[in-house]
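The numbering used here puts the first residue of the sequence shown at 5, with every later residue one more than the last.
Cβ coordinates follow ideal geometry from the N, Cα and C atoms, glycine included.
Computed from a prediction, not measured in an experiment: that's the story for all the values here.
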Amino acid sequence: MLSRRDFGKLVVAGLPLSVAMAQINPKVHGVRIGVQSYSFRTMPLDDAIKAMAEIGIGECELFSGHVEPRPQMGPRPAGPPPQGVPATPRPQGQGGGGRGPNPAAREELRKWRLTTPLDHFKAVRKKFDAAGIRLQAYNYSFNDSFTDEEIERGFQMVQAMGVNLITASATLSAAKRVAPFADKYKIRVAMHNHANLTDPNEFAKPESFEQAVAMSKYFGINLDIGHFVAAGYDPVGYLEKHNKLITNLHLKDRKKENGPNTVWGEGDTPIKEVLRLLKNKKYDIPANIEYEYRGEDAVAEVRKCFQFCKDALAG
Numbered sequence: 005m006l007s008r009r010d011f012g013k014l015v016v017a018g019l020p021l022s023v024a025m026a027q028i029n030p031k032v033h034g035v036r037i038g039v040q041s042y043s044f045r046t047m048p049l050d051d052a053i054k055a056m057a058e059i060g061i062g063e064c065e066l067f068s069g070h071v072e073p074r075p076q077m078g079p080r081p082a083g084p085p086p087q088g089v090p091a092t093p094r095p096q097g098q099g100g101g102g103r104g105p106n107p108a109a110r111e112e113l114r115k116w117r118l119t120t121p122l123d124h125f126k127a128v129r130k131k132f133d134a135a136g137i138r139l140q141a142y143n144y145s146f147n148d149s150f151t152d153e154e155i156e157r158g159f160q161m162v163q164a165m166g167v168n169l170i171t172a173s174a175t176l177s178a179a180k181r182v183a184p185f186a187d188k189y190k191i192r193v194a195m196h197n198h199a200n201l202t203d204p205n206e207f208a209k210p211e212s213f214e215q216a217v218a219m220s221k222y223f224g225i226n227l228d229i230g231h232f233v234a235a236g237y238d239p240v241g242y243l244e245k246h247n248k249l250i251t252n253l254h255l256k257d258r259k260k261e262n263g264p265n266t267v268w269g270e271g272d273t274p275i276k277e278v279l280r281l282l283k284n285k286k287y288d289i290p291a292n293i294e295y296e297y298r299g300e301d302a303v304a305e306v307r308k309c310f311q312f313c314k315d316a317l318a319g
């Protein structure tokens with residue numbers, strides 16, 4: 005019987021699944037616990053997959069930055085800065101708004117998306133299959149800089165990867181342009197929320213989700229419970245009321261009143277209560293760990309978050 009550590013080595017070596025091991029069980033006491041690969045944003049994809057396998061996480065929502073070339077923006081810190089220091093946002097096209105790459109780099113990324121053979125994305129799927137990890141969704145964050153061709157290409161990418169869900173840190177204006185493609189390809193698109201209450205074009209309030217899901221029957225909600233609390237809302241009540249629209253969750257701990265990300269258990273986010281609701285109601289909604297607070301070692305911190313989930317669901 006191979007250990008998780010030995011298995012991770014086999015995955016990186018590219019050995020087939022038959023040589024490695026079977027599917028990792030993603031359920032913890034009946035609840036699907038996965039990870040947003042943005043948690044391992046400082047690692048290349050192979051190392052991120054190895055880390056997931058070693059930790060024992062069986063589902064992944066794949067961050068586009070693990071698949072696309074990284075924009076030229078300089079090094080990123082290991083996690084968000086201390087409170088009061090502005091964070092470096094994800095670049096345009098790889099996580100929503102904020103400071104993006106220079107115009108030339110943005111055009112290079114657009115060209116890459118439109119010309120990279122779809123076999124590249126099929127190969128990405130094979131890496132997850134070989135690791136025994138279910139590829140749950142692709143995080144491809146449509147924004148107003150996207151051309152229609154880039155939007156449509158995102159749906160072709162997920163088809164190639166064999167998944168039926170795109171998560172997106174999008175805007176309402178971009179969502180209107182995405183809706184016809186969701187209808188055409190019959191692929192679900194889940195809008196991800198942040199905590200920016202000042203911009204009506206951002207997804208932060210329940211009302212913005214309502215506007216989005218009215219645009220297409222294929223639109224849903226990727227509820228980030230930490231950001232939801234930071235924006236002043238109750239994720240437990242919202243989940244119970246709107247569970248049929250929620251495709252997956254992002255788990256993180258934040259303080260209220262747009263407070264910082266914290267080590268789990270030190271903020272105001274009811275992570276335990278959300279997990280127990282999933283368990284008690286038997287909601288088939290994946291809860292994905294998204295490690296964003298500052299820490300020295302992403303693998304160690306994600307492991308702690310995974311243990312937090314296990315402890316919360318025990319008994």
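Count the other CB atoms within 10 Å of the CB of residue i; is the residue buried (16 or more) or exposed (fewer)?
| i | result |
| --- | --- |
| Glu-270 | exposed |
| Leu-253 | buried |
| Asn-143 | buried |
| Ser-68 | buried |
| Lys-256 | buried |
| Pro-48 | exposed |
| Lys-54 | buried |
| Gln-311 | exposed |
| Ala-178 | buried |
| Trp-116 | exposed |
| Thr-266 | buried |
| Thr-46 | exposed |
| Pro-73 | exposed |
| Leu-169 | buried |
| Ala-208 | buried |
Do residue i and residue j have their C-beta atoms within less than 7 Å of each other?
| i | j | result |
| --- | --- | --- |
| Leu-317 | His-124 | no |
| Gly-136 | Ile-37 | no |
| Glu-65 | Gln-140 | yes |
| Pro-239 | Ile-229 | yes |
| Thr-3 | His-196 | The chain is shown only over 5 to 319; residue 3 falls outside these bounds and no answer can be derived. |
| Val-35 | Leu-282 | yes |
| Ala-291 | Phe-44 | no |
| Ala-194 | Gly-224 | yes |
| Ile-293 | Val-39 | yes |
| Ala-320 | Leu-122 | It is not possible to answer for residue 320, since the shown part of the chain is limited to 5 through 319. |
| Phe-159 | Ile-191 | yes |
What did DSSP end up calling residue i once you bin it into helix, strand or coil?
| i | result |
| --- | --- |
| Phe-312 | helix |
| Glu-305 | helix |
| Arg-103 | In this predicted model, Arg-103 has a pLDDT of only 47, less than 50, meaning its place in the structure is not dependable; the value taken from the coordinates is given anyway. It is coil, neither helix nor strand. |
| Lys-256 | coil |
| Lys-31 | strand |
| Gly-319 | coil |
| Val-39 | strand |
| Ala-174 | coil |
| Glu-300 | coil |
| Ile-61 | coil |
| Ala-291 | strand |
| Pro-93 | For Pro-93, the predicted structure reports a pLDDT of 40, less than 50, and the residue's modelled location is therefore unreliable. A value from the coordinates is still provided. In the structure shown, Pro-93 sits in coil (DSSP, three-state: anything other than H, G, I, E or B). |
| Val-71 | coil |
| Lys-286 | coil |
| Pro-48 | coil |
| Ala-26 | coil |
If we define contact as Cβ-Cβ less than 7 Å, is residue i a contact residue for chain D?
| i | result |
| --- | --- |
| Lys-308 | Absence of chain D from the displayed structure is noted, only one protein chain being present. |
Bridge partners of residue i, per DSSP?
| i | result |
| --- | --- |
| Leu-169 | Arg-192 |
| Ala-179 | According to DSSP, which records beta bridges pairwise, Ala-179 is partnered with nothing at all. |
| Leu-66 | Tyr-142 |
Going by the C-beta, is residue i closer than 6 Å to any heavy atom of the ligand MN?
| i | result |
| --- | --- |
| Trp-116 | Of the ligands one can find in the structure shown there are none, so the ligand MN has no counterpart to examine. |
(Q) Suppose only complete runs of 3+ residues qualify. What are the beta strand (DSSP E) ranges in the region 108-160, listed by chain order? (A) Unbroken beta strand (DSSP E) runs of no fewer than 3 residues, entirely contained in the region 108-160, are found at 138-143, following chain order.
(Q) Please give me, in chain order, every unbroken run of the beta strand (DSSP E) with length at least 3 that falls completely inside the region 188-269. (A) 192-196, 223-228, 250-255
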